[in-house]
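Visitor: Residues in the sequence shown are numbered consecutively from 1, following our numbering.
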Amino acid sequence: MLSLSQIKKNTQVLEFIRRTEITLQAVRYSEHGLRHSNLVADRARSIAQVIGLKENEQELCAIAGFCHDMGNFLGRTQHHYWGALLFHQVFCSQDIKDVSIVMQAIANHDKETEMKFSNPVSAVVVLADKSDVHRSRVGKKSIAEIQADIHSRVNFGATYSKIRVDKQKKRITLVLKIDKKVVPIIEYFEIFTDRMLYCRQAAEYLGYRFGLIINQVELL
Ligand SMILES: [Fe+2]
Ligand SMILES: [Fe+2]
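#1: Rounded to whole angstroms, what is the Cα-Cα separation between residue 154 and residue 140?
#2: For residue 166, count neighbouring Cβ atoms within 10 angstroms of its own Cβ and tell me buried if that reaches 16, exposed if not.
#3: Return yes when the Cβ of residue 212 is within less than 8 Å of the Cβ of residue 206, no when it is not.
#4: Given residue 70, which residues of its chain have a CB within under 7 Å of its CB, disregarding the five upstream and five downstream residues?
#5: Would you tell me roughly how many angstroms separate the C-alpha atoms of residue 168 and residue 50, rounded to the nearest one?
#6: Measuring alpha carbon to alpha carbon, tell me which of 73, 177 and 42 ends up nearest residue 5.
#7: Please determine if the segment 87–101 and the segment 169–176 are in contact, where contact requires at least 3 C-beta pairs separated by less than 8 Å.
#8: Give every residue of the same chain whose Cβ lies closer than 6 Å to the Cβ of residue 105, excluding the five residues on either side of it in the sequence, and list them in chain order.
#9: Which runs of the alpha helix (DSSP H) fall wholly inside the segment 35–98 and span at least 4 residues, in chain order?
#10: Using beta-carbon positions only, say whether residue 133 and residue 107 come within less than 8 Å of one another.
#11: Can you give me the Cβ contacts of residue 191 inside the same chain, cut-off strictly under 8 Å, excluding the 5 residues immediately before and after it?
#12: Specify, as a first and last residue, the run of the beta strand (DSSP E) that residue 177 falls within.
#13: Alpha carbons only, please: which of 172, 216 and 200 is nearest the one belonging to residue 111?
#14: Which residues does DSSP pair with residue 162 in a beta bridge?
#15: For a test of your reading of the model: does the CB of residue 40 fall under 7 Å from any non-hydrogen atom of ligand 2? Yes or no.
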């Protein structure tokens, strides 16, 4: 059985993530390196635990969360497919059922996919990934640079971001604090509406309703 600790020691995976970080930094994208990988892995595991997925599935959620963006260094638009195929190349000698589930979760994590969910691991990874909106993703940009780009403004404005799972009420809620002095909240929706709709689909697949709370106001 694959484990996250084994994946985290894999020099190929680590290099792909490092290359991705350098590549996306060069085009001034938000942070896509080890910070994002670790956060999505941890978040995916804890969502999987709370909703009661089996232990093996929890591990696969964490693995897919860690690896989901590692294909970005080969190209941004199709990075979810590159990442899935790279995962297979590195781990093709492992249990193919586990490998396929992780490949599918990586391929499905991007909103541009035409797939519908058919596995809980994919749905959990979408929720873990799309909820990572935070100031710490902006990196070392000047204030002028942050102001000039909507993704930077929104990430920089997000001072708190947590995903809350209520098993009893069957509700998965993204809780954000957005500093309105940095960015008007409408700009969050301008760039993230598709992602929120994808989160809603993911939550519904898991049997939950998706909620969004910004600055203590329940919006969804
Ligand atoms: Fe991605
Ligand atoms: Fe991501």
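All C-beta atoms in this analysis are idealised placements derived from N, C-alpha and C, irrespective of residue type, glycine included.
Guide: In short, the structure shows the following:
#1: Walking along the sequence shown from the start, residue 154 turns up at place 154. Walking along the sequence shown from the start, residue 140 turns up at place 140. Going from the Cα of residue 154 to the Cα of residue 140 covers about 15 Å.
#2: Locating residue 166 in the sequence shown gives position 166, counting from the first residue. Label assigned to residue 166: exposed.
#3: Mapped onto the sequence shown, residue 206 falls at position 206. Mapped onto the sequence shown, residue 212 falls at position 212. Cβ atoms of residue 206 and residue 212: not closer than 8 Å.
#4: Numbered from its first residue, the sequence shown carries residue 70 at position 70. 13, 16, 17, 20, 83 and 86, listed in sequence order.
#5: As a working note, residue 168 is residue 168 in the sequence shown. As a working note, residue 50 is residue 50 in the sequence shown. Spanning the two alpha carbons is a distance of roughly 10 Å.
#6: Taking the sequence shown and counting its residues from 1, one reaches residue 5 at position 5. Looking at the Cα atoms, 42 is the closest of the given residues.
#7: no
#8: Position 105 of the sequence shown holds residue 105. Cβ within range, chain order: 64, 121, 122 and 125.
#9: 55–67 and 79–91
#10: Looking up residue 133 in the sequence shown gives position 133. Looking up residue 107 in the sequence shown gives position 107. Result no, Cβ atoms of residue 133 and residue 107 do not sit closer than 8 Å.
#11: The residue given as residue 191 occupies position 191 in the sequence shown. If we look at residue 191 and ignore the five residues flanking it on each side, its Cβ neighbours are 150, 151 and 154.
#12: For the purposes of this step, residue 177 is taken as the residue at position 177 of the sequence shown. Here the beta strand (DSSP E) through residue 177 covers 171–178.
#13: The sequence position of residue 111 within the sequence shown is 111, counting from 1. The shortest C-alpha separation from residue 111 is found at 200.
#14: What you label residue 162 is simply residue 162 of the sequence shown in a count that begins at 1. DSSP, once it has assigned bridges, lists 175 as partnering residue 162.
#15: What you label residue 40 is simply residue 40 of the sequence shown in a count that begins at 1. True, at least one ligand heavy atom lies under 7 Å from that Cβ.
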